[in-house]
Amino acid sequence: MQVSCNNVTFVYDKKDPNHYDALKDINLEISKGEFVALVGKTGSGKSTLVQTLNALIKPTSGYTKVDYFIVTSDKKLFKEKMKELSEDEVKKNKKLYLLRKKVGLVFQFPEYQLFSVTVLKDVMFGPTNFNLTEEEAKKVSIEALKSVGIDESYFNKSPFELSGGEKRRVAIAGILASDPDILVLDEPTAGLDPDGKKEIMEVIKKVHEKGKTIILVTHDMDVVMNYAKKVVVLNDSKLVKITTPHELFDSDDIEKYSLEIPTLYKFKKLLVKKGYKKDLSNVYDFNSLIEVLGK
Amino acid sequence: MKEAIRVEHLYFSYEKGVETLKDISFNVNKGEYVALIGHNGSGKSTLSKLLCYLLPADKGQIFVDDIEVKEENESLLRKKIGIVFQNPDNQFIGSTVEDDIAFGLENRNIPREEMVRLVHEFASKVGMIKYLNKSPDELSGGQKQRVAIAGILALGLKIIIFDEATSMLDPEGVEDIKKLIMEMKKEDPELTFISITHDIEEAYISDRVIILNKGEIFLDGKPNEVFQKEDLLKSIGLDIPFIMKVKSSLKDKNVQIPNEINNIEELSDYLCK
Numbered sequence: 614m615q616v617s618c619n620n621v622t623f624v625y626d627k628k629d630p631n632h633y634d635a636l637k638d639i640n641l642e643i644s645k646g647e648f649v650a651l652v653g654k655t656g657s658g659k660s661t662l663v664q665t666l667n668a669l670i671k672p673t674s675g676y677t678k679v680d681y682f683i684v685t686s687d688k689k690l691f692k693e694k695m696k697e698l699s700e701d702e703v704k705k706n707k708k709l710y711l712l713r714k715k716v717g718l719v720f721q722f723p724e725y726q727l728f729s730v731t732v733l734k735d736v737m738f739g740p741t742n743f744n745l746t747e748e749e750a751k752k753v754s755i756e757a758l759k760s761v762g763i764d765e766s767y768f769n770k771s772p773f774e775l776s777g778g779e780k781r782r783v784a785i786a787g788i789l790a791s792d793p794d795i796l797v798l799d800e801p802t803a804g805l806d807p808d809g810k811k812e813i814m815e816v817i818k819k820v821h822e823k824g825k826t827i828i829l830v831t832h833d834m835d836v837v838m839n840y841a842k843k844v845v846v847l848n849d850s851k852l853v854k855i856t857t858p859h860e861l862f863d864s865d866d867i868e869k870y871s872l873e874i875p876t877l878y879k880f881k882k883l884l885v886k887k888g889y890k891k892d893l894s895n896v897y898d899f900n901s902l903i904e905v906l907g908k
Numbered sequence: 240m241k242e243a244i245r246v247e248h249l250y251f252s253y254e255k256g257v258e259t260l261k262d263i264s265f266n267v268n269k270g271e272y273v274a275l276i277g278h279n280g281s282g283k284s285t286l287s288k289l290l291c292y293l294l295p296a297d298k299g300q301i302f303v304d305d306i307e308v309k310e311e312n313e314s315l316l317r318k319k320i321g322i323v324f325q326n327p328d329n330q331f332i333g334s335t336v337e338d339d340i341a342f343g344l345e346n347r348n349i350p351r352e353e354m355v356r357l358v359h360e361f362a363s364k365v366g367m368i369k370y371l372n373k374s375p376d377e378l379s380g381g382q383k384q385r386v387a388i389a390g391i392l393a394l395g396l397k398i399i400i401f402d403e404a405t406s407m408l409d410p411e412g413v414e415d416i417k418k419l420i421m422e423m424k425k426e427d428p429e430l431t432f433i434s435i436t437h438d439i440e441e442a443y444i445s446d447r448v449i450i451l452n453k454g455e456i457f458l459d460g461k462p463n464e465v466f467q468k469e470d471l472l473k474s475i476g477l478d479i480p481f482i483m484k485v486k487s488s489l490k491d492k493n494v495q496i497p498n499e500i501n502n503i504e505e506l507s508d509y510l511c512k
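Chain order of the listed sequences is A and B.
This note's numbering numbers the first residue of the first sequence as 614 and each following residue consecutively.
This note's numbering numbers the first residue of the second sequence as 240 and each following residue consecutively.
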């Protein structure tokens, strides 16, 4: 298993009398090459959970494991887990940047974190910090920019001259340039128009096709419907469901966890409820719906 | 006066030679719920900033509740019109939720007791009453956005603009805020609400849709009329509401759906007859 969360619990500030568990006993496994969407209402713990993947947040108890990296603030548990690893792996566990290189995390509104004078320099920042030479960093950065559809004419522009969608693609390139095995994106489509959304999602799809693991935090159920293969539902800091998009939208869980049901499925449910005569069980997208209705 | 906003021949450029807004003119009546849609870069957000005098126009005039939008009137305008943006991190000013909601009120010389009452009332309306003492770093993006919304709604303004203000909220959150706006509109039928959105389904249920394209008004009218123009919308790469899409695809398959069917409830009733 490439990624696993094992009884992960996280409390933001234990000293605070009003403290609450942001994550409660989360167990989850993700294999290499999966495309997973993490959904749940605001404050359900989605962003907190993904931040344990590269140790920006360390579980208060339990641990997150990425390959042989163990992330926890429970020192006793950490020591125990180290015993299961080879000497080399234990050494690597002390070098946090190796984990950060493995797990690329794209935050909400990543374009607000662009800071360099040029697009290319901004993307080069990551790989340079991961000990590549200037020349190597340049090479991988150019590749990363091309993979997100930013062409050469943009390389020497200031990132601030770009549109919102372009900036976001540059920010994603900044993460891809470090060649992570796992790409984690927190709300990558928030605030983009339909075209911008599609561009970003097609970039992510391409990265997935190269064999990378994709973990996506999103409220956008159209994105879940059209791209994800597996859906993990969080509710009130707990993991409540692991399923597929189609099953989730067809079930009643969707209302229970106050997730947005795509209009298509809403309509499908109405038809079923009102006793529509034709079989709708194979309807999962717009074309399949029209196919049945138009017959 | 029935007009909440009047815009006359408005022009704006960020850089010389590139017109972000070109000859924009429209009126918004008091009490209208307007959806302003268009691509990123179409000028929607720029227009909203001009309306609130966060940016000065290059040419043309804007009147908000009959007050001309210009420097001398800035403090008057702040009492009339307010805006909530999409990224909550850029809008959190206070060190706690309570401070943040109070910030705008403090600038208005509202007596302390009244202020405390308003902060509590709106914190509870947006579902953040439990978090009054929390600092922004303990809140999720959506929670911060709720706080920003409460801060503007508490001011009792006549015109409110949401610039993708609910983009970070979960559906329940979006629904809560929609209900809250509708309640406020019921209490004050003259409350004018402008929603800048990419959500075509939301635009479909508004009173009026204004579509901007490349800095110009492309279409302006009732949702039903505007979204009929499928080919025109497609030509600028905009989507149409689900119900319209279904009707038009079925028409291609020679299944005629009567014109008066305008939402999925009605369509499902019709198909199950």
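Quick reminder that beta carbons are idealized off the backbone N, C-alpha and C, glycines included.
Computed from a prediction, not measured in an experiment: that's the story for all the values here.
- Task: Reducing DSSP to helix, strand and coil, say where B/A393 ends up.
- Result: Your numbering for residue 393 of chain B matches position 154 in the second sequence. It is coil, neither helix nor strand.
- Task: Would you give the residue range spanned by the beta strand (DSSP E) that A/I788 belongs to?
- Result: The residue labelled residue 788 of chain A in the question sits at position 175 within the first sequence. Careful: A/I788 lies outside any beta strand (DSSP E), inside the alpha helix (DSSP H) at 777 to 789.
- Query: Fully enclosed by the segment 424 to 492 of chain B, which alpha helix (DSSP H) runs are 4 residues long or longer?
  - Reply: DSSP runs (the alpha helix (DSSP H)) wholly in the segment 424 to 492 of chain B: 439 to 443, 462 to 465, 469 to 474, 481 to 491.
- Determine, using beta-carbon pairs with one atom in the segment 647 to 663 of chain A and one in the segment 400 to 416 of chain B, whether at least three such pairs fall under 8 Å. Under the three-pair Cβ rule at 8 Å, the segment 647 to 663 of chain A counts as touching the segment 400 to 416 of chain B.
- Message: Against chain A, with Cβ distances strictly below 8 Å, would B/Q325 count as a contact?
- Response: Position 86 of the second sequence holds residue 325 of chain B. Residue contact with chain A for B/Q325: present (Cβ-Cβ distance below 8 Å to some residue of chain A).
- At least one CB of chain B closer than 8 Å to the CB of A/E912: is that the case? Chain A is shown from 614 up to 908; residue 912 of chain A falls before or after that span and cannot be answered.
- Query: Are the beta-carbon atoms of B/I276 and B/A442 separated by less than 8 Å?
  - Reply: Start at 1 with the first residue of the second sequence, and residue 276 of chain B comes out as number 37. Start at 1 with the first residue of the second sequence, and residue 442 of chain B comes out as number 203. Yes, these two residues count as a Cβ contact at 8 Å.
- Roughly how far, in whole angstroms, is the beta-carbon of A/L852 from the beta-carbon of A/I643, given that I think they are within contact range, below 8 Å? Here residue 852 of chain A refers to the residue found at position 239 of the first sequence. Here residue 643 of chain A refers to the residue found at position 30 of the first sequence. A/L852 to A/I643, Cβ: 12 Å. No contact.
- Item | Nearest-angstrom beta carbon gap, B/D339 and B/V386 [assumed within contact, 8 Å] | One-based indexing of the second sequence puts residue 386 of chain B at position 147. One-based indexing of the second sequence puts residue 339 of chain B at position 100. The beta carbons of B/V386 and B/D339 sit about 5 Å from each other, so the pair counts as a contact at 8 Å.
- Query: Any beta-carbon of chain A closer than 8 Å to the one on B/F481?
  - Reply: On the second sequence, residue 481 of chain B is found 242 positions in, with the first residue counted as 1. At least one chain A Cβ lies under 8 Å of B/F481.
- chain B beta carbons: is any one of them nearer than 8 Å to that of A/S871? In the first sequence, counting from the first residue as 1, residue 871 of chain A sits at position 258. It does: the Cβ of A/S871 has a partner Cβ on chain B nearer than 8 Å.
- Query: Of all Cβ atoms in chain A, is any one closer than 8 Å to the Cβ of B/H359?
  - Reply: Your numbering for residue 359 of chain B matches position 120 in the second sequence. Put simply, the CB of B/H359 is far from chain A, with every gap to its CB atoms at 8 Å or more.
- Query: Taking the continuous beta strand (DSSP E) assigned at A/N619, which residues delimit it?
  - Reply: As a position in the first sequence, residue 619 of chain A is number 6, starting the count at 1. Under the DSSP assignment, A/N619 falls in the beta strand (DSSP E) whose first and last residues are 616 to 624.
- Query: Comparing alpha-carbon positions, which option in B/L289, B/K369, B/L357, B/L293 lies nearest B/S264?
  - Reply: Locating residue 264 of chain B in the second sequence gives position 25, where the first residue counts as 1. Of the candidates B/L289, B/K369, B/L357, B/L293, the one whose C-alpha sits nearest the C-alpha of B/S264 is B/L289.
- Message: Would A/T673 and A/F623 qualify as a contact pair, given that the criterion is a beta-carbon distance under 8 Å?
- Response: Walking along the first sequence from the start, residue 673 of chain A turns up at place 60. Walking along the first sequence from the start, residue 623 of chain A turns up at place 10. Annotated as proximal: A/T673 and A/F623, with beta-carbon spacing under 8 Å.
- Using three-state DSSP, classify A/V797 as helix, strand or coil. Reading the first sequence from its first residue, position 184 is the one you call residue 797 of chain A. In the three-state DSSP reduction, A/V797 falls in the strand class (E or B).
- Query: Helix, strand or coil: how does DSSP classify A/F722 here?
  - Reply: Taking the first residue of the first sequence as position 1, residue 722 of chain A is located at position 109. Secondary structure at A/F722: coil, using DSSP grouped into helix, strand and coil.
- Is it right to say A/H832 is buried, meaning 16 or more other beta carbons lie within 10 angstroms of its own, or is it exposed? If you number the first sequence from 1, residue 832 of chain A lands on position 219. Counting the other CB atoms within 10 Å of its CB gives A/H832 a total of 16 or more, which places it among the buried residues.
- Item | Within chain A, the residues that B/G412 reaches when beta carbons sit closer than 8 Å | Looking up residue 412 of chain B in the second sequence gives position 173. The contacting residues are K654, T655.
- Item | Backbone CA spacing between A/F768 and A/A786 [nearest angstrom] | Counting from 1 along the first sequence, the entry for residue 768 of chain A is found at position 155. Counting from 1 along the first sequence, the entry for residue 786 of chain A is found at position 173. Looking at the two C-alpha atoms, the distance is approximately 12 Å.
- Can you find at least 3 beta carbon pairs, one from the segment 851 to 869 of chain A and one from the segment 427 to 440 of chain B, that sit closer than 8 Å? No, the segment 851 to 869 of chain A is not in contact with the segment 427 to 440 of chain B.
- Task: Classify B/R245 as helix, strand or coil using the three-state DSSP reduction.
- Result: Here the question's residue 245 of chain B lines up with position 6 in the second sequence. Three-state DSSP puts B/R245 in a strand.
- Query: Can at least three beta-carbon pairs, one atom from the segment 754 to 768 of chain A and one from the segment 781 to 800 of chain A, be found at a separation below 8 Å?
  - Reply: Result yes; three or more Cβ-Cβ pairs closer than 8 Å.
- Message: Strictly below 9 Å CB to CB, what residues from chain B border A/T876?
- Response: Position 263 of the first sequence, counting from 1, holds the residue named residue 876 of chain A. Scanning chain B for C-beta atoms nearer than 9 Å to the C-beta of A/T876 yields E440, P480, F481, I482, I503, reported in chain order.
- Query: How about B/H224 and A/D806: are their beta carbons less than 8 Å apart?
  - Reply: An answer regarding residue 224 of chain B cannot be provided, because it is not within the stretch 240 to 512 covered by chain B.
- Query: Which residue from A/D701, A/D634, A/G646 puts its Cα closest to that of A/Q615?
  - Reply: Mapped onto the first sequence, residue 615 of chain A falls at position 2. For the options A/D701, A/D634, A/G646, the alpha carbon positioned closest to that of A/Q615 is the one of A/G646.
- Message: I'd like the span of the beta strand (DSSP E) that includes A/S674, first residue to last.
- Response: On the first sequence, position 61 is the one that residue 674 of chain A refers to. Unbroken beta strand (DSSP E) run through A/S674: 674 to 679.
- Where does A/T746 fall in DSSP's three states? Locating residue 746 of chain A in the first sequence gives position 133, where the first residue counts as 1. In the structure shown, the three-state DSSP call for A/T746 is coil.
- When you compare only the Cα positions, how much space is there between A/A909 and A/V736? Absent from the structure is residue 909 of chain A, since the part of chain A shown begins at 614 and ends at 908.
- Where B/I399 falls: helix, strand or coil (DSSP): The sequence position of residue 399 of chain B within the second sequence is 160, counting from 1. Here B/I399 sits in strand by DSSP.
- Query: So which residues of chain B does A/G675 contact, with C-beta pairs closer than 7 Å?
  - Reply: As a first step, residue 675 of chain A must be located in the first sequence, where it is residue number 62. Close to A/G675, with beta-carbon spacing below 7 Å, lies no residue of chain B; the smallest spacing is near 21 Å.
- Query: Smallest Cα separation from A/V830: which of A/V652, A/K688, A/Y633, A/L711?
  - Reply: Stepping through the first sequence from its first residue, residue 830 of chain A is reached at position 217. In this structure, A/V652 is the residue among A/V652, A/K688, A/Y633, A/L711 with its C-alpha nearest to the C-alpha of A/V830.
- Can you list, in chain order, the residues of its chain whose CB lies under 8 Å from that of A/V613, leaving out five sequence neighbours each side? This structure cannot speak to residue 613 of chain A, because chain A is shown only from 614 to 908.
- Beta-carbon separation of A/T802 and A/V836 under 8 Å? Numbered from 1 along the first sequence, position 189 holds the residue referred to as residue 802 of chain A. Numbered from 1 along the first sequence, position 223 holds the residue referred to as residue 836 of chain A. In contact: A/T802 and A/V836 (Cβ atoms closer than 8 Å).
- Message: Could you check whether B/L286 and B/L451 sit closer than 8 Å to each other, using their CB atoms as the reference points?
- Response: On the second sequence, position 212 is the one that residue 451 of chain B refers to. On the second sequence, position 47 is the one that residue 286 of chain B refers to. Yes. Within cutoff.
- Message: Threshold first: 3 residues or longer. Then list the beta strand (DSSP E) segments lying entirely within the segment 273 to 314 of chain B, N to C.
- Response: Segments of the beta strand (DSSP E) lying fully in the segment 273 to 314 of chain B: 298 to 303.
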